[in-house]
Amino acid sequence: MLLDYDRLGWLRAALVGFTAAVAAFLLLPVVFIVLLSFGSSRWLAFPPPGWTLKWYQQLLADPSWIDAALTSARIAAMAAILAVIIGLFASFSLVRGEFRGRQVLRGLLLTPMVLPVVVFAIAIYAFFLRIGLAGTTLGFVIAHTILALPFAIIPITAALEGFDKSIEDAAIVCGASPLQARLRITLPSIRIGIFSAAIFSFLASWDEVVVAIFMASPTLQTLPVKIWGSLRADLSPVVAAASSLLVGLTLCLMIVTALLRRKLSR
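Everything in the sequence shown is counted per the numbering used here, starting at 13 for the first residue and increasing by one.
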């Protein structure tokens with residue numbers, strides 16, 4: 013191999029140190045937020061003068077925070093379901109379809125992942141404002157589904173490309189219809205990709221803030237929008253507590269995904 017990790021010598025230690033420094037740079041702000049959520053100061057002050065759980069108590073006792081969290085979960089769940097369904101059909105077309113412009117279609121479907129999110133937010137807000145969907149649950153779900161679609165297509169497409177289609181063909185030869193073969197053979201075989209698509213699509217909607225700010229209304233706000241609004245109003249540690257729960261749920265879902273992927277792949 014051109015680059016063998018075991019033969020790097022002193023460069024290996026430098027590489028490990030550089031990687032650790034980058035990881036610390038990315039993770040330390042999150043660690044600080046979690047620590048601030050347990051601080052006894054009524055403002056976001058570090059280091060905290062003491063430790064307390066009262067900010068989490070205030071968070072869980074405030075109906076507006078609970079409503080924002082439930083709204084985020086509801087919208088993210090609906091967006092994830094739609095993204096997986098649409099992504100499944102799109103992936104079959106991209107992997108097994110033979111038509112002109114297939115790669116162009118793939119690029120268009122993945123555009124929301126590379127397009128600056130503020131550009132997408134302004135465009136979809138202007139469009140939804142014209143048709144009356146701005147500030148509605150349906151508008152939220154459609155916008156978040158578009159954003160989550162690439163995160164569904166990529167793992168499902170990868171799973172389909174790694175699936176041996178001859179197994180499906182053998183089931184059809186043995187008497188199964190094409191639909192039965194795909195439902196009973198193909199879908200269970202690519203279940204890891206479908207599960208990953210569902211989790212990533214949920215998280216793409218759950219953590220989204222830019223589009224949500226444009227789509228929000230006084231009566232419909234997701235948790236990231238609520239956090240953003242609270243940061244502009246005051247610097248209460250309740251915001252840090254809400255942010256910690258947001259990060260905590262994301263981390264838990266990623267851990268569950270990794271464990272289930274390992275279990276299903278056996």
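Beta carbons: idealized from backbone N, C-alpha and C, even for Gly.
| Check | Outcome |
| --- | --- |
| Apart from the five residues on each side of it in sequence, which residues of its chain come closer than 6 Å, Cβ to Cβ, to F152? | I87, M227 |
| Tell me the rounded alpha-carbon separation between A138 and W63. | 46 Å |
| Per DSSP, G99 forms a beta bridge with which residues? | DSSP output for G99 lists no bridge partner at all. |
| Can the beta-carbon of W218 be found closer than 8 Å to that of S84? | yes |
| Quick check on the burial criterion: 16 or more other C-beta atoms within 10 angstroms. Buried or exposed for T169? | buried |
| Return the bridge partner residues of S229 from the DSSP annotation. | L232 |
| In terms of residues, what are the limits of the alpha helix (DSSP H) holding G119? | 114 to 121 |
| DSSP three-state label for W55, please. | coil |
| Output the boundary residues of the alpha helix (DSSP H) element that contains E180. | 177 to 185 |
| Excluding five sequence neighbours on each side, which residues of the same chain lie with their C-beta closer than 7 Å to the C-beta of A216? | L159, A160, F163 |
| CB S76 to CB S256, shorter than 8 Å? | no |
| Verify whether the separation of the beta carbon atoms of Q320 and A80 is less than 8 Å. | Here the chain covers residues 13 to 278 and nothing more, so residue 320 does not appear. |
| For A73, which of G205, P230, L247, A253 has the nearest alpha-carbon? | A253 |
| For F101 and T157, what's the separation of their Cα atoms in angstroms? | 15 Å |
| Between the alpha carbons of M266 and L120, how many angstroms are there, rounded? | 27 Å |
| Going straight from the alpha carbon of S208 to that of S105, what length do you get? | 19 Å |
| Return yes when the Cβ of G109 is within less than 8 Å of the Cβ of I165, no when it is not. | no |
| Going by DSSP, what residues sit across from W240 in a beta bridge? | Looking at the DSSP assignment, W240 forms no beta bridge with any residue, so it has no partner. |
| Measuring alpha carbon to alpha carbon, tell me which residue in P167, S201, V43 is nearest V179. | Reading the sequence as shown, one finds Ile at residue 179 and not Val. Checking every option, the nearest Cα to that of I179 belongs to S201. |
| Can you find the residues in the same chain that come closer than 7 Å, C-beta to C-beta, to L56, ignoring five residues on each side of it along the sequence? | L48, L247, P249, A252 |
| Might you give, ordered along the chain, the residues of its own chain that have their beta carbon closer than 8 Å to the beta carbon of P60, omitting 5 neighbours on each side? | L47, L48, F50, G51, S52, S53 |
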